[in-house]
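This report concerns only the one structure given below.
So, in structure tokens, the structure goes:
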């Protein structure tokens, strides 16, 4: 009798067993070599080396938790957060040969990222990205701590950079208004076709993607090119979960899963071809305009990269490609996720939405078409809503990249040894009941106080964490996200205008807002926002 071909589920189970077997063998080898190394290592009498590593689960226990909770590998943060309740706010986790320390205590976070900032400022080698891209990508977020990283970051957020506060409002205001107008038109069209209801996820993402694209490549790019690159990026990130096996099996994976590897190369090529065409077109336009007066009020990100010199010389075209791709992607997906979470809470809590609208009416004339950037600084309640959204629903549950420790250091009575990777449980920190009253409730008022005259004002809350860390949506210390100013401005601007243009409500009693989460590239809504909108401005 001819054997039946395996089903998709059977193939997935077989793949999972292969990965688990590889990890188990790696753990076994690690245990043997660690034992041999400990027997041969000379004793030391220094105080810090007598400290133990933070406690944590064995590799076998970790794998058992994945199987027990039926979670895919990229939902590691769920497992780590669950185990934290057993092992404490600082723990060691071993996955194969990789050892990482996870921290969820605000005092320890501050000690490591602020007080010992230089020691925790480096990045570990990212073998996953190197495997997928077959090269070492140029980028600020993954660059080793040093002169090249400083120059790249200064170019982005320094006095002449696109993210400097002096440019954020004035230079890119027309782009922000352009994508806002497109968003309002699309929402109105879908609302009219759907009897007042809209699915907002794709509209929000396209809006933020378009904004970041235009800041990066210039404000005169055709809309079709924006759509083409967005679709190419989406294809890559939808393919992302299928890449784990290629990383785990490295060279063997390219042979066993040849079709998957070839599909990845096609996706990367289509994406890179679009970006390279944009880079070359912009560079050609700049060369042709030499000697002519160019409007200095607008500066695209790649304009700055063309003229940047790093310690090894000029940037290669491939470096500009990687840096521009990082700029657009990093600025899009986290901001889009945060925007959807905040608007979901505006639908779920109409009284909060009404307070935001009332505050705007006090600041601007009710006949004003849209809320402008300069209006936002006069709206403390709106700012509190944004902060509460970032606290309650941080776009990522872990810091986006691990920190590499460059010297032995003691944290919480434990040894954090040189060479180990450290990561931070952002979501757990922002929902810690010891730091926040009713942490699972959405309460913007927690960021406000009333002065002696009874006027509400925003707390001087330090989101950078320089004095105290209670939430960590943008990281902290030397590796803090350089886009914090742009992200908060965009969130305030779009939340304000979405509420200024429309009243948002649940579709009906059966379709209430569901705040369940799922981890993908970001921590997104499991059931994307579906809402009813009613125009306020006729």
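Numbering (full-length UniProt numbering), first residue to last: 1 to 538.
Glycine included, each C-beta is placed from N, C-alpha and C at the ideal position.
When C-beta atoms of the region 100–114 are compared with those of the region 418–425, three or more pairs fall below 8 Å, so the two segments count as touching. Between the alpha carbons of residue 158 and residue 485 lies a distance of about 12 Å.
A distance of 7 Å or more separates the beta carbons of residue 461 and residue 336.
The region 393–404 makes no contact with the region 346–358; the number of CB pairs closer than 8 Å stays below 3. Distances from the alpha-carbon of residue 470 to those of 492, 388 and 516 put 388 closest. Between the region 87–99 and the region 364–384 there are fewer than three inter-stretch CB-CB distances shorter than 8 Å, so the stretches are not counted as touching.
Residue 533 places its beta carbon less than 7 Å from that of residue 504. Only exposed fits residue 238, as fewer than 16 other CB atoms lie within 10 angstroms of its CB. Following the DSSP letters along the chain, one finds residue 224 inside the alpha helix (DSSP H) bounded by residues 223–239.
Per the DSSP secondary-structure output, residue 416 pairs in a beta bridge with 409. The Cβ atoms of residue 501 and residue 184 sit closer than 7 Å to each other. CA-CA distance, residue 402 to residue 144, rounds to 12 Å. Judged by DSSP secondary structure, residue 471 falls outside any alpha helix (DSSP H); it is assigned neither H nor E. Taking the C-beta atoms as reference points, residue 180 is found nearer than 7 Å to residue 497. Excluding its 5 nearest sequence neighbours in each direction, residue 283 has C-beta neighbours in its own chain below 7 Å: 306, listed in chain order. When Cβ pairs closer than 8 Å are counted between the two stretches, the region 519–532 is seen to touch the region 192–207, the count reaching three or more. Rounded to the nearest whole angstrom, the CA to CA distance from residue 374 to residue 258 is 54 Å.
About 7 Å separates the beta carbons of residue 114 and residue 465, which is inside the 8 Å limit, making them a contact pair. Taking all protein chains shown into account, residue 220 has fewer than 16 neighbouring C-beta atoms within 10 Å of its C-beta and is therefore exposed. Within the region 254–294, complete beta strand (DSSP E) segments of at least 3 residues are not found at all. Here the region 271–283 makes contact with the region 302–316; the two share three or more CB pairs at distances below 8 Å. Beyond the five residues adjoining it in sequence on each side, residue 110 comes within less than 7 Å, by CB distance, of 465, 468 and 469 in the same chain, given in chain order.
Boundaries of the alpha helix (DSSP H) harbouring residue 206: 201–217, taken from the DSSP string. Going by DSSP, residue 519 is part of the beta strand (DSSP E) stretching over 517–519. Closest by C-alpha distance to residue 149, out of 519, 170, 122 and 514, is 122. Annotation for residue 80: the continuous alpha helix (DSSP H) segment containing it runs 76–87.
Here the alpha carbons of residue 53 and residue 420 stand approximately 11 Å from one another.
Inter-segment contact for the region 357–373 and the region 165–182 is present: three or more beta-carbon pairs are separated by less than 8 Å.
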